[in-house]
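Written out below as structure tokens is the structure these notes cover.
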Amino acid sequence: MSDNSESTNSLASNLIGTDIANLYGFIDKDNVHGLNLAVPEDAKALIKPWDERESTSHYADSNVDDQIILHVPFTQNVRLKSILLKLGRGEVTPRHMRIYANYPTIVDFADAENTTPQLNISLLEGETGVVEYPLRVAAFANITSLSIFFSESVGGDVSRIYYVGFKGESKSPKREISSKLEVPAANAADAPLVDRVSERAGGQNMNVR
Numbered sequence: 001m002s003d004n005s006e007s008t009n010s011l012a013s014n015l016i017g018t019d020i021a022n023l024y025g026f027i028d029k030d031n032v033h034g035l036n037l038a039v040p041e042d043a044k045a046l047i048k049p050w051d052e053r054e055s056t057s058h059y060a061d062s063n064v065d066d067q068i069i070l071h072v073p074f075t076q077n078v079r080l081k082s083i084l085l086k087l088g089r090g091e092v093t094p095r096h097m098r099i100y101a102n103y104p105t106i107v108d109f110a111d112a113e114n115t116t117p118q119l120n121i122s123l124l125e126g127e128t129g130v131v132e133y134p135l136r137v138a139a140f141a142n143i144t145s146l147s148i149f150f151s152e153s154v155g156g157d158v159s160r161i162y163y164v165g166f167k168g169e170s171k172s173p174k175r176e177i178s179s180k181l182e183v184p185a186a187n188a189a190d191a192p193l194v195d196r197v198s199e200r201a202g203g204q205n206m207n208v209r
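What the sequence shown shows, in UniProt numbering, is residues 1 to 209, in sequence order.
And the structure:
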């Protein structure tokens with residue numbers, strides 16, 4: 001019980017009024033695709049900007065049964081801290097999720113069934129808004145793509161998804177070279193330390209004002 005209230009408070013503080021750790025900008029949206037969708041193009045509609053995360057105008061439904069696999073590639077390596085989901089309610093709520101990290105070879109449901117996922121969890125039912133599911137950072141520390149397998153809808157026929165998002169940080173190999181430009185935007189908490197180090201190391205002969 002205390003865990004629930006703690007998790008709710010944490011969720012509220014993380015989601016309301018901040019998108020500092022939102023990885024929307026690092027998703028390769030053109031190459032997002034899904035398996036067993038009623039409309040294949042709807043896979044891309046699930047990857048929405050932060051301010052549209054609660055929107056229900058676009059969604060994806062499963063096709064011949066209640067299973068969906070969503071493939072999400074990233075434009076660079078990222079460290080994932082949580083996944084954000086807004087799911088259909090009632091009969092179309094999927095109750096189970098498996099996440100496979102860095103498995104671009106999962107091209108059908110047989111591949112997924114024969115592969116051990118990094119995460120295998122039961123999803124919350126009856127939620128109306130976006131729910132944040134924390135990830136074990138050690139298992140998701142160097143991610144180039146995710147395959148997310150939704151299944152076991154309440155009604156057993158169709159699963160519906162409105163939004164899929166991620167929180168974490170990028171692991172750009174260019175971080176040290178261009179840290180003065182990228183770090184304040186990508187990770188504001190690191191900026192003061194990086195700026196101080198940069199100023200002491202090269203402030204005398206760079207960016208003199």
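For every residue, glycine included, the Cβ atom is placed at its ideal position computed from N, Cα and C.
Keep in mind the model is a prediction, meaning the values are calculated, not measured.
Under the 10 Å beta carbon count, residue 124 is surrounded by fewer than 16 other beta carbons and is classified as exposed. Contact between residue 34 and residue 70 holds, with the beta-carbon distance rounding to 5 Å and staying under 8 Å.
Distance from residue 148 to residue 118 at the Cβ level is roughly 11 Å; contact not present, criterion being Cβ atoms closer than 8 Å. In this structure, the CA atom of residue 130 is about 7 Å from the CA atom of residue 54. Boundaries of the beta strand (DSSP E) harbouring residue 101: 94-101, taken from the DSSP string. Taking 4 residues as the shortest admissible run, the stretch 107-175 contains the following complete alpha helix (DSSP H) segments, listed from N- to C-terminal end: 109-113. Of all C-beta pairs linking the stretch 87-96 to the stretch 148-162, three or more are shorter than 8 Å, placing the two stretches in contact. Taking a contact as a CB-CB distance under 8 Å, the pair residue 66 and residue 172 does not count as one, their CB atoms being some 38 Å apart. Of the residues assessed, residue 40 falls on the exposed side of the cut-off, its CB having fewer than 16 other CB atoms within 10 angstroms. The Cβ atoms of residue 161 and residue 84 do not sit closer than 8 Å to each other.
Within the same chain, and ignoring the five residues on either side of residue 138 in sequence, no residue has its Cβ closer than 8 Å to its Cβ.
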